[in-house]
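A short worksheet on the structure shown next.
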Amino acid sequence: MLVCWSGCTPPAAEKAPQEESAPMLDESLSALFKDIIVVKMHLFSAMDKLDDEEAYPYAGTPIPAEHHALLDEELLKHPDALWACYKTQDDFYIIRTAGPQMPNQLVLCRFDPASGKLKKIRDLSSTWCENDVCHQQDAWLADLDLDQHLELIIRTRMMSYDGQTKEGEFQVFTQNGDGNFQPGKADLAVKETYVFHEWMEKG
Numbered sequence: 008m009l010v011c012w013s014g015c016t017p018p019a020a021e022k023a024p025q026e027e028s029a030p031m032l033d034e035s036l037s038a039l040f041k042d043i044i045v046v047k048m049h050l051f052s053a054m055d056k057l058d059d060e061e062a063y064p065y066a067g068t069p070i071p072a073e074h075h076a077l078l079d080e081e082l083l084k085h086p087d088a089l090w091a092c093y094k095t096q097d098d099f100y101i102i103r104t105a106g107p108q109m110p111n112q113l114v115l116c117r118f119d120p121a122s123g124k125l126k127k128i129r130d131l132s133s134t135w136c137e138n139d140v141c142h143q144q145d146a147w148l149a150d151l152d153l154d155q156h157l158e159l160i161i162r163t164r165m166m167s168y169d170g171q172t173k174e175g176e177f178q179v180f181t182q183n184g185d186g187n188f189q190p191g192k193a194d195l196a197v198k199e200t201y202v203f204h205e206w207m208e209k210g
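Pasting the structure below:
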């Protein structure tokens, strides 16, 4: 108990410690991505360079060089081919990039507080051809187990120019909101409802 006589100044009240705000992706870079809420999202790659961007939902917005310091080394392998597409729940960012063999590739990214950079965590979709065989990987984001976090479905195949198709992998990955995917039960997703994007003319 404090007894205060004349001229005594009471001690200042202690301030409650303020919680530090969690590090976030630079606002100017984040603003390039369109915010969406995913129910079921099919991610596929266009085979050729984009002439009509309106025809492809993942054309994206070019990421200018001034933002490259905010991207990890994996994303900067092709610095002249980076487009910001979408930001989803669970703080995932979808980026379109390109390489010598793949004019369009979609990758999944997440902000890494330790480095302060946007980090590539997984390849989503790609399509490329080599020795008369084309390789295709499509992906889907969806909340399969209704835990309010997104799961990832990956499906692959190989196609020859004569129309022969060889089925590849069908994989389901789960995560709990932290961006770390691990193999999940395949029966979470009905394979037949995850249909490849058809870019090769048949017949």
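Residue numbers are given in this note's numbering: position 185 of the sequence shown equals residue 192, and the series is strictly consecutive. Yeah, the Cβ is synthetic: ideal placement off N, Cα and C, and Gly gets one too. All values reported here derive from a predicted model rather than from experimental measurement.
Asked, Found
"Residue of Ala-62, Ile-128, Phe-99 and Phe-177 minimising C-alpha distance to Thr-200", "Phe-177"
"Burial state of Lys-173, where buried means 16 or more other Cβ atoms lie within 10 Å", "exposed"
"Where His-6 sits in the DSSP three-state scheme", "No statement about residue 6 is possible, as the shown extent of the chain runs from 8 to 210 and does not include it."
"Opening and closing residue of the beta strand (DSSP E) in which Glu-174 lies", "172 to 181"
"Three-state secondary structure (DSSP) of Leu-36", "helix"
"Proximity to Phe-118 [Cα-Cα], best of Phe-188, Tyr-100, Ser-167 and Asp-139", "Tyr-100"
"Cα-Cα separation between Ala-193 and Pro-64, rounded to whole angstroms", "27 angstroms"
"Met-48 versus Asp-79, Met-54, Lys-94 and Glu-80, residue with shortest Cα-Cα distance", "Lys-94"
"9 angstroms Cβ cutoff met for His-85 and Gly-106", "yes"
"Contact the region 141 to 148 vs the region 121 to 132: 3+ CB pairs below 8 angstroms", "yes"
"Check whether Leu-157 and Gln-96 have beta carbons under 9 angstroms apart", "yes"
"Close-in-space but distant-in-sequence residues of the same chain around Thr-181 (CB under 6 angstroms, 5 per side omitted)", "Glu-158 and Gly-191"
"Between the CA atoms of Ala-72 and Asp-87 - distance to the nearest angstrom", "8 angstroms"
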